[in-house]
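Protein chains: 4
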Amino acid sequence: MSEKTWKTAITQINPNEVRLRGYRIDDLMGQVTFAQAIFLALRGELPPPGIARLLEAMLVSSIDHGVTPPSTVAARTAASTGAMLNAAVAVGVLSINRYHGGAIHDCMNVITEGLQRAAESGELLENVARDIVAEYKVEKKRIAGLGHRIHTADPRTEKLFALAEECGVAGDGIDMIRGIQKALSATGKNLPINVDGAIAALLIDLEIPQALANAFFIMARVPGLVAHIYEEQTRERPMRRINPSDHEFDGPKARSL
Amino acid sequence: MSEKTWKTAITQINPNEVRLRGYRIDDLMGQVTFAQAIFLALRGELPPPGIARLLEAMLVSSIDHGVTPPSTVAARTAASTGAMLNAAVAVGVLSINRYHGGAIHDCMNVITEGLQRAAESGELLENVARDIVAEYKVEKKRIAGLGHRIHTADPRTEKLFALAEECGVAGDGIDMIRGIQKALSATGKNLPINVDGAIAALLIDLEIPQALANAFFIMARVPGLVAHIYEEQTRERPMRRINPSDHEFDGPKARSL
Amino acid sequence: MSEKTWKTAITQINPNEVRLRGYRIDDLMGQVTFAQAIFLALRGELPPPGIARLLEAMLVSSIDHGVTPPSTVAARTAASTGAMLNAAVAVGVLSINRYHGGAIHDCMNVITEGLQRAAESGELLENVARDIVAEYKVEKKRIAGLGHRIHTADPRTEKLFALAEECGVAGDGIDMIRGIQKALSATGKNLPINVDGAIAALLIDLEIPQALANAFFIMARVPGLVAHIYEEQTRERPMRRINPSDHEFDGPKARSL
Amino acid sequence: MSEKTWKTAITQINPNEVRLRGYRIDDLMGQVTFAQAIFLALRGELPPPGIARLLEAMLVSSIDHGVTPPSTVAARTAASTGAMLNAAVAVGVLSINRYHGGAIHDCMNVITEGLQRAAESGELLENVARDIVAEYKVEKKRIAGLGHRIHTADPRTEKLFALAEECGVAGDGIDMIRGIQKALSATGKNLPINVDGAIAALLIDLEIPQALANAFFIMARVPGLVAHIYEEQTRERPMRRINPSDHEFDGPKARSL
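Chain order of the listed sequences is A, B, C and D.
All letters in the first sequence, in the order written, are residues 1 to 257 by this note's numbering.
All letters in the second sequence, in the order written, are residues 1001 to 1257 by this note's numbering.
All letters in the third sequence, in the order written, are residues 2001 to 2257 by this note's numbering.
All letters in the fourth sequence, in the order written, are residues 3001 to 3257 by this note's numbering.
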């Protein structure tokens, strides 16, 4: 069980010098945004100039979705017992899994498989999409990234796709998920592409590894969790029973930028 | 134990409409950065135009600090047992506490107390600072936010203060911590203001509640934790014994933006 | 930041030999119960023969309390998102805090203070108890360990006190909490000693450090959390909204040992 | 998204009455041990009289294994940052996964598959074991439950098997893992059955579902984690770098019961 020196390629620390992926952190500060630094930390390179705006929008799109997601309910429940803020954040993060947030990961599987089939067979994406929809129907499986329990047209999806177009990122990933959505719709089941499906397509077009799909959602949602935990701590009495369905919004009225 | 409808002021969800603090999320997407959306989620309003760049830099400054911080060691240890990514992130978040990250919180106490004393007594900040340093010396307590186990001049601090100056944010918070640093130095103990001390001063000048100090560090550090967990998962064998001191950097060579 | 060899006094590992607090673990196996081994691990010595039965009962008393405690709700919420069992357990453990489980810790404060006052002043416990109740009334503070949102007479309390009597453990801790309960009752507020209050008194009489009070509750409750997580995983559909108030019991009918 | 009343079969709460799987908890207290109550909570029935001693021994066997297991290292690392006890326990629990503790789960797969093959083919267990060992060799896979990085003969294994024999539990599970160990040994690779392999065999012979294998290890190890966290909190300075290899035991000298 001997130990050898182990290696890391992320951050280099020397006295009075911190370098993230080779760049001085005090050079990055003031010149790149937090979202760009996230990309640098995870991918090892700064994002190509064009996509910075898309990247920001992807993170903004998932920052919060109100009080009903289970990660929010669990984090608020922990907070109401007197948990410290970091413990309540951890509870929220631990509640982001296959059935909540995980659609990004699963939808990447579907899109990747579709693209591979198209590449191997030379078939049009729309034909491959039709086959996949038919196969899922036979196996009675849901296709991740389509449908939403509240939205019939997810407002975040079209915005992300429009920004991807503007940034010149829109590629096969978006085409594939759109093809699948159309093919499913043609069978009489008109489900919208939800924000998870949209992000799945974009992560593929941005060549971000699938292993980081869940991480992407977690990084985006942590600030939302913090906002809910802080609201719970400052606004509610301890040890209340939280019925996630029984709430009202009393924040700022609808307003425009 | 009756339950009444409870209230939330963060996010309003209606079919095909998601509003964060009153703004449509699809309007925010493409127009504000992730860091600006974080500020909106936590404070309820978008950051004043001038400070956006400072805010990005504050988050960038704390994104990672290599493999030795205990949150990184703990997260990598969990990852090496086969933990899922979100569980390893939770482990890292749970390891951010009083003695790691918590200096921001504790330093805000010192600065706030100093500012209150100055306001009440009409004394100059430098005199108040000298008193505080003397009192801590008598009580043999360390002043949070000063000194670093590796850096004798924390490169992140001066950059943050310079940006604060540019943004017109630099206020009493920065003056106070600088006063304390000078007063301590005059006693023969020349410790630099570290990044936690700098952020503490800025959070005060930005009027962000102290209860969110730890949250600020957590939000900034989660992407760094993700990078380390992913590196552990893809580069190391499972169940290795991790000696935090025994590592080498083999990432990109020093480079400039 | 040099590292020296550090010390541990819990378990000694040599090839083919594991010793817990000096005893071979394969000698302990078959001769001591799990509860006795827990005591040995935490206190460094095996429990005195008489108290083993009391110790078992203390742990049994807190093993579960149905689906409404927030640790159970949070653990089930995480499980319903597809969390792995250990992650859902962690969520439950993170939801055991000051307002849930923490009454043991807080009640130990009250009892300890009462006993100290009595020792210093030579006053009768009942007089000290009356003073404490009066002081809490003036400060409008609740006394931890008294009252229960469901039980008007906590069935676990009297059983624990009876067993303590049998084991010869019943000491000043029990007398003090009983005195406080009576004094409060005399003011017209007849609240029962709840299971947390009973355990607080027993931990004092057993000389278990207060720092382990919360640990005691956690160790006892983990199996209950596991049972709920497993039930959630095997019986409910994923991503359901869990209203803690809206449930029915459909397990075994009332039965006797 | 309508909500219906949901069901639970674990614990029934009525005013002044708590029933675990049908039994009054105040009847269980004083009559059954903690380990027996754990079995009742998880399986729905009290353990058959004979096996109580075995059950205690299984839990005792895994209560602690010194400072090098990653769950202990991670929990101590969190504790050294100032984490609350429950947060440090959660960190430890989150570090029990496939490569640490998970051997129980994986070994149950091997044993179950072996027993199924034997049942279907009518072959002798020793022949099935030989086939399985040969197949793993071809696929260059390790067999979970065999071998230990420290012990060449795991002292816990033989004790557990001896107790199982005494209790009349020893069945096909033990025979199968022993057969596999012998078959592997015959190929020149003499690895001992480790404690995980022994518990895997016993869980099968006790008909405890595989989904609870990891839970079993977690429940047994939580007290050990608590002991280490408490030792870290009371004995070490905050924010130390923990090298898991560099420690000494300074607890009680070797002693007998």
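Yeah, the Cβ is synthetic: ideal placement off N, Cα and C, and Gly gets one too.
Residue span of the beta strand (DSSP E) that contains residue i, given as start and end
| i | result |
| --- | --- |
| A/Glu17 | Glu17 to Leu20 |
| B/His1247 | His1247 to Phe1249 |
| B/Ile1096 | Where B/Ile1096 is concerned, there is no enclosing beta strand (DSSP E), given that its DSSP letter is neither H nor E. |
| A/Asn127 | Per DSSP, A/Asn127 belongs to no beta strand (DSSP E); it is in the alpha helix (DSSP H), Leu125 to Val138. |
| D/Asn3014 | Thr3011 to Asn3014 |
| D/Thr3008 | Trp3006 to Thr3008 |
Endpoints, alpha helix (DSSP H) assigned at residue i
| i | result |
| --- | --- |
| B/Thr1157 | Pro1155 to Cys1167 |
| A/His228 | Ala213 to Arg235 |
| D/Lys3253 | First-last for D/Lys3253: undefined, no H or E at that position. |
| A/Ser62 | Unbroken run through A/Ser62: none, as it is neither H nor E. |
| D/Glu3120 | Ala3103 to Ser3121 |
| B/Ala1078 | Pro1070 to Ser1080 |
| C/Val2195 | Val2195 to Asp2205 |
| B/Gln1181 | Asp1172 to Ala1186 |
| C/Leu2042 | Phe2034 to Arg2043 |
| D/Ile3025 | Ile3025 to Leu3028 |
CA nearest to the CA of residue i, picked from the options
| i | options | result |
| --- | --- | --- |
| A/Ser256 | B/Asp1064, B/Gln1031, B/Asn1016 and B/Asp1205 | B/Gln1031 |
| A/Thr33 | A/Ser185, A/Arg53 and A/Asp154 | A/Arg53 |
| B/Met1108 | B/Pro1223, B/Ile1193, B/Ile1010 and B/Gln1233 | B/Ile1193 |
| A/Lys253 | B/Asp1026, B/Thr1008, B/Gly1022 and B/Ala1129 | B/Gly1022 |
| B/Ala1186 | B/Val1169, B/Asn1127, B/Pro1015 and B/Gln1116 | B/Asn1127 |
| B/Phe1217 | B/Pro1048, B/His1065, B/Asn1016 and B/Glu1017 | B/His1065 |
| B/Thr1234 | A/Glu231, A/Leu40, A/Glu166 and A/Leu212 | A/Leu212 |
| D/Met3219 | D/Arg3241, D/Leu3059 and D/Arg3117 | D/Leu3059 |
| A/Glu45 | A/Gln210, A/Glu236, A/Leu206 and A/Ile242 | A/Leu206 |
| B/Ile1208 | A/Leu191, A/Tyr230 and A/Ile208 | A/Tyr230 |
| D/Asp3026 | C/Glu2165, C/Leu2042, C/Asp2154 and C/Ala2041 | C/Asp2154 |
Rounded C-alpha distance that separates residue i from residue j
| i | j | result |
| --- | --- | --- |
| C/Ala2079 | A/Tyr99 | 10 angstroms |
| D/Val3138 | A/Gly171 | 43 angstroms |
| C/His2228 | A/Asn214 | 26 angstroms |
| C/Thr2152 | C/Lys2189 | 12 angstroms |
| C/Arg2076 | C/Glu2232 | 6 angstroms |
| A/Leu125 | A/Tyr136 | 16 angstroms |
| A/Arg19 | B/Lys1140 | 35 angstroms |
| B/Ala1118 | B/Asp1131 | 11 angstroms |
| C/Val2305 | A/Glu120 | Coverage of chain C is limited to positions 2001 through 2257, which leaves residue 2305 of chain C absent and any answer about it impossible. |
| D/Met3239 | C/Asp2106 | 28 angstroms |
| C/Asn2014 | D/Val3226 | 22 angstroms |
| D/Cys3167 | C/Ile2150 | 41 angstroms |
| D/Glu3056 | C/Met2029 | 7 angstroms |
| D/Leu3191 | D/Leu3184 | 8 angstroms |
| D/His3148 | C/Leu2042 | 26 angstroms |
| A/Val133 | A/Arg178 | 12 angstroms |
8 angstroms contact criterion, which residue i and residue j should meet: CB distance rounded
| i | j | result |
| --- | --- | --- |
| A/Ser95 | A/Ser62 | At roughly 15 angstroms, the Cβ-Cβ gap does not stay under 8 angstroms, so A/Ser95 and A/Ser62 are not in contact. |
| B/Ala1129 | B/Ile1174 | That pair is no contact at about 12 angstroms. |
| D/Gly3102 | D/Leu3146 | Contact doesn't hold; Cβ gap of about 14 angstroms is too wide. |
| B/Gly1114 | B/Met1176 | 5 angstroms |
| A/Pro223 | B/Ile1038 | 4 angstroms |
| A/Ile51 | A/Val195 | So it is not a contact: roughly 18 angstroms between Cβ atoms. |
| D/Pro3047 | D/Gln3036 | 6 angstroms |
| C/Arg2241 | A/Thr112 | Wrong, their Cβ atoms sit about 32 angstroms apart, outside the cutoff. |
| A/Val91 | A/Ile143 | Going by Cβ atoms, the distance from A/Val91 to A/Ile143 rounds to 30 angstroms, so no, they are not a contact pair. |
beta-carbon residue i near the ligand HEM non-hydrogen atom, thresh 7 angstroms
| i | result |
| --- | --- |
| D/Lys3137 | Questions concerning the ligand HEM fall outside what the structure shown contains, since it holds no ligand whatsoever. |
Within chain F, the residues that residue i reaches when beta carbons sit closer than 8 angstroms
| i | result |
| --- | --- |
| B/Ser1080 | Annotation note: the requested chain F is absent from the structure, which comprises protein chains A, B, C and D. |
Legend entry - the segment 3189–3207 of chain D touching the segment 3154–3162 of chain D, judged by at least three CB pairs closer than 8 angstroms: Contact between the segment 3189–3207 of chain D and the segment 3154–3162 of chain D is present, because at least three Cβ pairs lie under 8 angstroms.
Inset, instruction - Assess, as a yes-or-no matter, whether the segment 1234–1248 of chain B is touched by the segment 7–25 of chain A under the definition of 3 or more beta carbon pairs within less than 8 angstroms. - result: Below 8 angstroms, enough C-beta pairs join the segment 7–25 of chain A and the segment 1234–1248 of chain B to call them touching: three or more.
Inset, instruction - For the segment 3084–3091 of chain D and the segment 74–89 of chain A, state whether three or more C-beta atom pairs, one from each stretch, are separated by less than 8 angstroms. - result: A contact exists between the segment 3084–3091 of chain D and the segment 74–89 of chain A.
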